[in-house]
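Read through the structure below, which is laid out as structure tokens, and then see the notes.
Numbering (my numbering), first residue to last: 393 to 1246.
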């Protein structure tokens, strides 16, 4: 009997131990390397599609980026130095290369490889140019050229020594994608490049993404981050950042979806954070994106019609590719998974690693499959992943790699046309091709040929074509050739197609400044368009108003903000055009009857204007503003209170900086009845100096935030207004049928990790705040997740709400938000209060609930 009891207990104990081991994947199924044909058998793809092998080792090894040239040859970046062992020893050796693959017999399989460039250190991306390629390797950007036509680089010139200087594969510049505006764009970067009159120019632009870049038919850029699968720019590059006195909160880096769920078809134990509960399901499968990369906008008519404009996203850690349907909503974009529970492409082979996607000239989808067990760079390998990788023999073999093609079942390969052999007229005709890849390539070749014989043909195409996208490319081709005519662009402002109107407006910005007569005429037309009621056209009017005369700029933007003060993107667009005119615009609104007692969205814009005026630091304008607010000692009106509060918050940006020198003390600064908290009033006063007064202390907010946290607080106010005020109010007191109050809220003042979890994942169901229960319909049933925001912006918002409206709590750091994001990996639905409390207690046992903290 004792033996039986002992055996039973032993079995239970063994089951518990093995269960734990299985939980962490230490005894997961082995994953030996498979041949290409064996791997092909592991694929699951959406019904109606098939997968074909295009190339495999030894022809291609460790492929990380793909690009087709004008003649259908496939250029492959091979990062052969990536993680030769678990510690990454040897990655600095010059083992990388660029290969050019060709299908010489038209059977759909690459049968010839030419080594374009070798002996490279960690090559990461390339951008094709006339006679060669821009290549990123050895922590720099190089201009390489084939001078004799043998597909081998004969010349290599250092173009930019700062490109990819970080060196880490996951966190350095990459992309080099030519967009429709004739610039080469990058991600994990603030740089773009362009050949202008024979000289390569480097320009700064907005920071974007992490790995991989794509664009849609309208030239909107798409990218992502390993934790957030799909972002895009809603406006042209650099159009929302013209005003150095304003920091935008929308339009660039727009998250299209908060959906992070993935559905692998095998266990995925070898992910870096697999040890964190919630990262893997009970079956050991990845629950959410951890390595999202390389989005691809589908612009091929070879695919079923419903796929056009969709975006694919790679998740190599889950051995899959997700499909997103993208929809326009006014000036915004959103996306959704059309098949929850099933991915567009997935594999049961753990070594299948889709890391890059491109469209071919044949309209097919091409996949770079790194094909290896270890895909985490050594700088970030956790002890858990190290153990997983070594125990399951996932380091070797290396130097494998496959390229796959995904096509409809009825697809057959066609002979690829050599576009480089086409004459100018044929290339102009090719701008009307139904496929985006073909139109892009025709535009690039026309710009590179610089044949001015194309100009009248392009102008005819713009005037006569019924295909909007052909006309769109023709306009940008003229721009690339430097042959735009302002008079022609002005006529296009009456075009029936919105895309042509907005493109003409955008292009006019380059030529109108030198023509005052056209500038005046344009001002009248832009005002007419702004009042036409089409939000996308109005958005471009706001972005383009900066090219008008000051008078017309103010008039147009006043009309726009009167209509669209409730849209954050339109507010940011107006602010972008108001560089150095902010004070003039505030005076104009001050007299506008609609702004005498502004409602909430107009209050937000007044705050934005005020913050910009303060950031400009012009003593004369600020003195005039203070005198305007003084109002001869009368009680402060609502709009005056709004501007005063905005000035007091803006003052926090001056902590540690010299005060603004006024010629005399403003009368309002002598008043003792300012509608501000005492320390806020002191901050406002200490923002300035004048004869006889120089501030010695800066009180900041009530709990004395340091200089860094004070600036974080000021930024948090702007982010809060753009993201949170619509539900919780500009005053933090909540809004009926939207959100509960934040003033004095135990949830706001409590544990910062708990608060981070709420903003990261959302909250549903009723909630108690200061003894009062809030639930639907009194507030919205669900607070949405804000997981697409980065850690710094979330931390700024949390620091702000914890230290405004009389709240006092320590600031929240980006690292706190980041670590909380990681530890809550796998949470793909909003919290309930009960679930959140259980989770926090399990993770941080010493943490108290909001009720206990009170």
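Using N, Cα and C, we set each Cβ at its ideal position, and we do this for glycine too.
Quantities reported herein were computed from a predicted structural model and do not represent experimental measurements.
- Rounded to whole angstroms, the separation of the alpha carbons of residue 1119 and residue 1110 is 15 Å.
- Beta-bridge partners of residue 653 (DSSP): 680.
- Taking a contact to require three or more Cβ pairs closer than 8 Å, the region 805–824 and the region 845–853 qualify as touching.
- Between residue 632 and residue 623, the C-beta spacing is not below 9 Å.
- By the C-beta density criterion, residue 607 is buried, having at least 16 other C-beta atoms within 10 angstroms.
- By alpha-carbon distance to residue 741, the top candidate from 759, 436, 534 is 436.
- In the same chain as residue 422, and ignoring 5 residues on each side of it, the C-beta atoms closer than 7 Å to its own belong to 784, in chain order.
- The bridge partners DSSP lists for residue 1194 come to none.
- The C-alpha of residue 564 lies about 44 Å from the C-alpha of residue 883.
- Residue 1223 and residue 1150 do touch by the CB rule: their CB atoms are close to 7 Å apart, below 8 Å.
- As DSSP reads the structure, residue 455 sits in a beta bridge with 470.
- By the criterion of a C-beta distance shorter than 8 Å, residue 653 is surrounded in its chain by 679, 680, 729, 732, 1220, once the five residues flanking it on both sides are discounted.
- When rounded, the separation of the alpha-carbon atoms in residue 1195 and residue 1122 is 14 Å.
- By the CB criterion at 9 Å, residue 440 and residue 696 fall inside the cutoff.
- A Cβ-Cβ contact shorter than 9 Å links residue 526 with residue 568.
- Per DSSP, residue 622 is one residue of the beta strand (DSSP E) stretching across 620–624.
- Contact between residue 793 and residue 452 holds: their C-beta atoms lie close to 5 Å from each other, under 8 Å.
- By the neighbour-count criterion, in which a residue is buried when 16 or more other Cβ atoms sit within 10 angstroms of its Cβ, residue 1139 is buried.
- Taking C-alpha positions only, residue 789 is separated from residue 425 by approximately 7 Å.
- Assignment of residue 764 by DSSP, reduced to helix, strand and coil, places it in the coil class.
- For residue 525, the pairing in a beta bridge is given by DSSP as 520, 536.
- The region 963–1041 is shown to contain whole alpha helix (DSSP H) runs of 4 or more residues at 974–983, 992–1008, 1011–1022, in chain order.
- A straight line joining the alpha-carbon of residue 764 with that of residue 669 spans about 25 Å.
- In the DSSP annotation of this structure, the continuous segment of the beta strand (DSSP E) that includes residue 721 starts and ends at 712–721.
- Taking 9 Å as the cut-off, the beta carbon of residue 899 is found no closer than this to the beta carbon of residue 938.
- C-alpha of residue 786 to C-alpha of residue 687: approximately 26 Å in a straight line.
- Collapsing the DSSP output to three states places residue 699 in a helix.
- Residue 722 and residue 626 have their C-alpha atoms some 11 Å from each other.
- For the 9 Å CB-CB criterion, residue 705 and residue 690 do not form a contact.
- In the three-state reduction of the DSSP assignment, residue 1175 falls in the strand class.
- DSSP places residue 1046 in no beta strand (DSSP E); its state is neither H nor E.
- For the pair residue 700 and residue 717, the Cα-to-Cα distance works out to about 9 Å.
- The Cβ neighbour count for residue 747, taken over all protein chains shown within 10 Å, is at least 16; the residue is labelled buried.
- Non-local C-beta neighbours of residue 671 in its own chain, meaning closer than 6 Å and more than five positions away in sequence, comprise 665, 1217, 1218, ordered along the chain.
- For residue 757, the secondary structure class from DSSP, reduced to helix, strand or coil, is strand.
- In this structure residue 881 touches residue 896 by the C-beta definition: roughly 4 Å separates them, less than 8 Å.
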